[in-house]
Each structure stands twice: as C-alpha cells, then as structure tokens.
Amino acid sequence: MSIDPSEDRSVSTLPEGLWTQPVPSVPVDLGDDPVQRQVVPASMRYDYSPGLATSRFLRGLAEKRILGERCPETGEVYVPPRGVSPVSGLRTTEQVEVGPKATITSFCVVHIGFGVNAPPTPFVSALFLPDGAAVSLYGTMGEIAHDEVRIGMRVEPVWVDDADLTTSMENIRYWRPIDEPDVPAEQLKGHM
Amino acid sequence: MRDVAIVSVAQSRHRRAATELNEVEMIQPVIRQALDQIGASIADIGFTCSGSSDYLAGQAFSFVMTLDAVGAWPPIMESHVEMDGAWALYEAWLKIQTGAADTALVYSYSKASPGDLPRVMSRMLDPYYVGPLWPDSVAYAGLQARAMLDAGAITERQMAEVAHRNREAARSNPHAQVVGSASVDELLAAPMLSDPLRVHDCPPISDGGVAVVLAAGDRARAWVDRPAWIRGIDHRIDGHQIGARDLTTAPSVAIAAQHAGVEGTFDVAEVHAPFTHQEQLVLDGLGLDDGVQLNPSGGALAANPMMAAGLIRLGEVATRILDGSVGRGVAHATAGHLLQQNLVCVLEGGD
Chain E
1 MSIDPSEDRS VSTLPEGLWT QPVPSVPVDL GDDPVQRQVV PASMRYDYSP
51 GLATSRFLRG LAEKRILGER CPETGEVYVP PRGVSPVSGL RTTEQVEVGP
101 KATITSFCVV HIGFGVNAPP TPFVSALFLP DGAAVSLYGT MGEIAHDEVR
151 IGMRVEPVWV DDADLTTSME NIRYWRPIDE PDVPAEQLKG HM
Chain L
193 MRDVAIVSVA QSRHRRAATE LNEVEMIQPV IRQALDQIGA SIADIGFTCS
243 GSSDYLAGQA FSFVMTLDAV GAWPPIMESH VEMDGAWALY EAWLKIQTGA
293 ADTALVYSYS KASPGDLPRV MSRMLDPYYV GPLWPDSVAY AGLQARAMLD
343 AGAITERQMA EVAHRNREAA RSNPHAQVVG SASVDELLAA PMLSDPLRVH
393 DCPPISDGGV AVVLAAGDRA RAWVDRPAWI RGIDHRIDGH QIGARDLTTA
443 PSVAIAAQHA GVEGTFDVAE VHAPFTHQEQ LVLDGLGLDD GVQLNPSGGA
493 LAANPMMAAG LIRLGEVATR ILDGSVGRGV AHATAGHLLQ QNLVCVLEGG
543 D
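Keeping their order, the protein sequence lines are chains E and L.
Last residue of the first sequence: 192 in my numbering, with the numbers rising by one and none dropped.
Last residue of the second sequence: 543 in my numbering, with the numbers rising by one and none dropped.
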C-alpha cells in the first residue's frame, strides 16, 4: 500500500500548544543512523450488523420517529435500544415511541472543534432526554446563541430533508428550542 | 485452597453468522440460562468476568456494551480479559481463592462473522515484523502441520481421522455447528486449502458464546447436588516468536497439565485443538491413558466461537459431571496461534 505523504500526519491533531507532546526525560542515543519511525498501514473491513432492537430504532429514524424499548422489570424506556435492559439484564420486548420533544439534561459550550464535521465554534453539544425515555441522546444545539442554552430547556429535533433520510443518527441535524416552560432540575433527577 | 466448583453451564447454538443479532442479544439468553437454571440472579454473584476481543466484531469496547446482558445495576465487581473465557474463569477462580468473592459469573463470546477472521487473527502477531506480512491463520497453522508431517509425528490420514471422529461425535451435541463427516477416504480425496491443510482440517468460523457460574464450598452444594469441583487449574505460555519454537511439540501443555495435577484415570477429556494436527500435540502434552472418552462434544472442529471455544471445553466436562454421567474429567483450552498458550483444568464430581 502506498503512503500519501500529505496524510502522514504528526502524532497529534490537537491545536498547537493545547496539549504538547512529552519530551523524553532522559537523553536517548540512537546511534549514527537511527531508524526512528516505521509506517505500517493496516485496514480491515467489517460488515456491522446492529441487531434486532437497534435495527428497529434505525428504521424508526428513517421515518423521523425515535423508538425506545421498555425494561420489563423497571418500566424504564431505553434509547437507542440494544435489545437488553442495562439495569435488569432482561430482554426488552415492547417498543415505545419517545420524543420527539426533549429536555436538555446537560450541555457543553465547545470553543475548539475537532474533526471535519464539527459545526462552527462556539457551538453547544448537549444531552437530550426525549419525552418518555429514561436516558438521553447526544447531539448539538442550533438556532440559539450558545450562552442562552440551559439545563431544563425544552427542545425538538431538526431533521434532514425527507429525501435525505436514511437509517442513521445523522438524520437529526441538530436540536432547537421550543416555546415551552423549562423543566425543573428536580424532575430530571435520575436522568442526568 | 478453597474448593471451587462449576455449578452451571450454558452455551448458544453456534452458527456461521448470527447476522440478525448484536453481541448483547446473542449472549444475553446464554447468561440468563446459566443463572436461571440454578435459580440465581446477578445479586447472588460476587464477581463477573468475561472474555472477548473487539477485533472480532470490529467494535471498540464491545465488552462494556455486553455488560448490559448482566444487568450491572447496582454496580457490580467486574473484570474482562482479551482472551478465551477459560482465562476469565481462571481469574474468577483466583478471585474466589482470595476470598474477595464466593461466587462468580464467567462468560465469553464472539461474533467473528462481521470481519475476515483469518486476516483478523493476524493482528495478534508482532505488529512490526510479522503483522505487516498479513499471514492468515490457516496458512500459519499449515506451517505447524507441515513440520509435524515432516517429522513423522502425524500423517494426513490420522489428521482426517481426527476430523471424522470429532464431527461424528458432534451428532449428539445440540450446540454444534458442523455435524457429521464424510468418510476418511472421501476427506483425503478433497483438494488442499493451504497445503497440507484441507478444509476438514480447519475449524468452522462460528458466532456464539458460553456462560458458567462458579461457587465455593457450601454455596456450590446449596445450588446443585453434584458440583463439578475444580481440583487443579494452571496455564502456561510458549514464546510468541514462532521461529524460536519447536512446532512439533507443545511443552506449555505438558507443564500446565503437570501443575493442574493431570494423573491417574479420567472418564472424559475435552481438548481445544482448532486444527486437526493439534489434537495429537495436546494429547501428547496431557499424557492421558487410552481409556479416556475424547471430545464427546466434537471439540473446536464442530464449533469454534473465538474466545469461547476454550471455556466451552471446561463447560462440556462440567456438564457431564453435573448430570452424573462422568466422575472425573480434564479440560484443555488454548489461545493465540499454534497452541501458544494453554490452560488445563481437572474437574471432579463428589461432595
């Protein structure tokens, strides 16, 4: 496999000066002509299969529906479902549509965006608790200034255009505020 | 030393590809069965240990997700090995020996079907001097088979007989994937896959898992009438540098067998020999009498879920002790390429 020198990156992609690479604390004698680096390309292809419950969830997303599954012991609804209640270890069998309205349970204002898909900074990433669900989904906020986001804020997902819907989490472009009163933090206990 | 026993065993119906299931959905019924059949819940378990490898399904930290199948709430004492589940059982046995737990749940599994297993297996090798050459696991095993044939340690007919015996035995194994075999002559007439290995010399690629419950002393007796007591267990490793090993012997099997107390007569032996030529190497290391019933399950040639096939060998022996059909057995598990690491366990019924 040939190496593209432009992709032969240094160890860190972090912004300069944010976290520096450590300098060896002892002098290293590598001799006259040291081999300091070996490039060993490796790639493997996998055909991922999401399983029964997560397939139901992904098919729901393609219809702009968020489908959780209920724990038969506690009654809590988990999303995305993995087919098993993480609390009881029992199979979840009942599908429950949750959301699309949701409540912010925590958020972070991001000033340094890593990777090519990061929105323009500063942006807000947050945990969104869909109505009826026991656990939050991760996503980003839009249509609001970053310093106006708060825990308890009511939101709804903004979906991609219908023609672009697939079985993917990327169907939700971002979440935006809706005109409903905040949920008191007290009511979010156990879900944060 | 505390008396520790296997008190429950469950395994999946192994198959080439559990395409419709994720790993949690695949292993959850197995874990539930192991607990349910002795009336146990996770609250009765002092320590949980699993064996799996993220490389197989190609999913990072997949073992953490699989904990959903245990129900880790309230938080549990848990550990994981990137090894066959037999080594997870060893860790759990040690944990019980220290007194930190009286009971343990051990499980292991793999979905190898999403990837190209013979290539994935090459990632276990030295990443700088062997890994870049991508030797596949079947060709690698061929090096060992060729060395044995050349040394007169085995014949191609004997290898075919191993395949035939194991896969015929698998007819009575409800969990087996490859059941029944063509005649030895027909097997020998088949073309080579990686010379000197034919298809019948190789294990199937399997998706599946196994779960076992361990308990100490009176806790074991309270759960079952006839616990399968671990009378000895040991594991040893040969050097990873293949060129530094004599591939026609498996000294780490012999040393593990010695330290596990393999002596006297056994009713049954389950050995983990993924390739036909390896069975003889393991048997030479164990030094068993001729009278022993060998691999009644069909062994890894009948079903070979990576990370589970070794623990299944212990489970197959334990199951026969638990149901009263045998009194004493020995189980062997291997990990790595060409019998690099070996674990031997002596199991016995009785009070």
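Glycine included, every Cβ here is placed at the ideal spot set by N, Cα and C.
Buried or exposed (CB count within 10 angstroms, at least 16 for buried), residue i
i, result
"Thr457/L", "exposed"
"Lys178/L", "Outside the shown range of chain L (193 to 543) lies residue 178/L, about which nothing can therefore be said."
"Glu540/L", "buried"
"Gln220/L", "buried"
"Lys287/L", "buried"
"Val77/E", "buried"
"His111/E", "exposed"
"Ala343/L", "exposed"
"Ile178/E", "exposed"
"Cys537/L", "buried"
"Thr121/E", "exposed"
"Ala452/L", "buried"
"Thr186/E", "In the sequence as displayed, the identity of residue 186/E is Glu instead of Thr. The residue in question, Glu186/E, is exposed, as its Cβ has fewer than 16 Cβ neighbours within 10 Å."
Selected residue, minimal CA-CA separation from residue i, among the options
i, options, result
"Pro396/L", "Val416/L, Arg315/L and Pro310/L", "Pro310/L"
"Ser246/E", "Met192/E, Val183/E and Leu58/E", "With chain E represented from 1 up to 192, any question about residue 246/E goes unanswered, as that position is not in the structure."
"Tyr332/L", "Glu508/L, Ile434/L and Met498/L", "Ile434/L"
"Ser168/E", "Gly99/E, Leu52/E, Glu186/E and Glu63/E", "Glu63/E"
"Ala403/L", "Glu212/L, Asp228/L, Ser386/L and Asn214/L", "Asp228/L"
"Glu212/L", "Leu52/E, Phe107/E and Arg82/E", "Leu52/E"
"His432/L", "His272/L, Met316/L, Ile447/L and Val370/L", "Met316/L"
"Ala126/E", "Thr140/E, Gly113/E and Ala118/E", "Thr140/E"
"His356/L", "Gly323/L, Asp387/L and Cys394/L", "Cys394/L"
"Val509/L", "Val201/L, Gly323/L and Ala408/L", "Val201/L"
"Asp430/L", "Ser444/L, Tyr301/L, Ala420/L and Asp417/L", "Ser444/L"
"Gly323/L", "Ser43/E, Gln36/E, Asp33/E and Arg37/E", "Ser43/E"
"Phe549/L", "Arg349/L, Glu215/L and Arg512/L", "In the structure displayed, chain L extends from 193 to 543; residue 549/L sits before or after that span and is not available."
"Ile257/L", "Pro34/E, Cys108/E, Pro50/E and Phe123/E", "Checking the sequence, you will find Met at residue 257/L rather than Ile. When each option's Cα is compared against that of Met257/L, the closest is Pro50/E."
"Ala407/L", "Ala278/L, Ser305/L and Trp285/L", "Trp285/L"
"Gly75/E", "Val158/E, Leu129/E and Ala134/E", "Ala134/E"
"Ala232/L", "Ala449/L, Ser517/L and Val199/L", "Val199/L"
"Leu493/L", "Gln203/L, Pro306/L, Phe467/L and Val484/L", "Phe467/L"
"Gln289/L", "Gly243/L, Val454/L and Ile422/L", "Ile422/L"
"Ser88/E", "Ile268/L, Ile513/L, Leu506/L and Asp260/L", "Asp260/L"
"Pro306/L", "Asp515/L, Ser300/L, Gln251/L and Ser329/L", "Gln251/L"
Separation of residue j from residue i, as counted between CA atoms
i, j, result
"Ala382/L", "Leu389/L", "10 Å"
"Pro86/E", "Leu473/L", "43 Å"
"Pro266/L", "Leu325/L", "47 Å"
"Ile3/E", "Glu471/L", "Low confidence applies here, because Ile3/E scores a pLDDT of 44, under 50, leaving its location unreliable; read the following figure in that light. The alpha-carbon atoms of Ile3/E and Glu471/L are separated by roughly 43 Å."
"Asn117/E", "Val262/L", "35 Å"
"Ile144/E", "Gly113/E", "18 Å"
"Asn496/L", "Arg194/L", "32 Å"
"Ile447/L", "Asp476/L", "12 Å"
"Val39/E", "Pro319/L", "11 Å"
"Gly519/L", "Ala420/L", "9 Å"
"Gly401/L", "Tyr282/L", "17 Å"
"Met499/L", "His529/L", "13 Å"
"Asp417/L", "Leu535/L", "27 Å"
"Gln532/L", "Asp399/L", "23 Å"
"Ser10/E", "Pro41/E", "Any answer about Ser10/E is weak, because its pLDDT of 49 lies below 50 and its placement is not dependable; what the coordinates show is given next. Roughly 15 Å separates the two Cα atoms."
"Gln225/L", "Val84/E", "15 Å"
"Ala339/L", "Gly68/E", "56 Å"
"Ile504/L", "Ser245/L", "17 Å"
"Ile234/L", "Val155/E", "38 Å"
"Ser375/L", "Met351/L", "13 Å"
"Thr92/E", "Thr347/L", "52 Å"
"Trp175/E", "Pro181/E", "16 Å"
"Phe123/E", "Arg173/E", "13 Å"
"Phe128/E", "Ala278/L", "41 Å"
"Val160/E", "Val273/L", "42 Å"
"Ser300/L", "Glu217/L", "13 Å"
beta-carbon residue i near the ligand FAD non-hydrogen atom, thresh 7 Å
i, result
"Gly334/L", "Of the ligands one can find in the structure shown there are none, so the ligand FAD has no counterpart to examine."
CB contact below 8 Å: residue i versus chain C
i, result
"Pro86/E", "Considering every chain present, this structure includes no chain C. Its protein chains are E and L."
Okay, do the stretch 137–156 of chain E and the stretch 202–215 of chain L touch, 3+ Cβ pairs below 8 Å being the bar?
-> no
Report yes or no: do the stretch 164–181 of chain E and the stretch 480–493 of chain L share at least 3 C-beta pairs separated by less than 8 Å?
-> no
Any 3 or more C-beta pairs closer than 8 Å across the stretch 283–293 of chain L and the stretch 239–254 of chain L | yes
Within the chosen definition, does the stretch 52–61 of chain E reach the stretch 102–115 of chain E through at least 3 CB pairs nearer than 8 Å?
-> no
Does the stretch 399–417 of chain L come within contact of the stretch 312–326 of chain L, defined as at least 3 CB pairs closer than 8 Å?
-> no
Three CB pairs or more closer than 8 Å across the stretch 454–471 of chain L and the stretch 516–535 of chain L = yes
contact_flag[the stretch 360–368 of chain L, the stretch 439–450 of chain L] where n(CB pairs < 8 Å) is 3 or more = no
Mind listing, in chain order, the continuous alpha helix (DSSP H) runs of no fewer than 4 residues lying wholly within the stretch 462–499 of chain L?
-> 468–478 and 491–494
Continuous beta strand (DSSP E) assignments of at least 3 residues falling wholly in the stretch 418–449 of chain L | 420–429
The stretch 421–428 of chain L touching the stretch 483–502 of chain L, judged by at least three CB pairs closer than 8 Å = no
What are the start and end residues of each continuous beta strand (DSSP E) run of 3 or more residues lying completely inside the stretch 208–286 of chain L, in chain order?
-> 239–243 and 270–273
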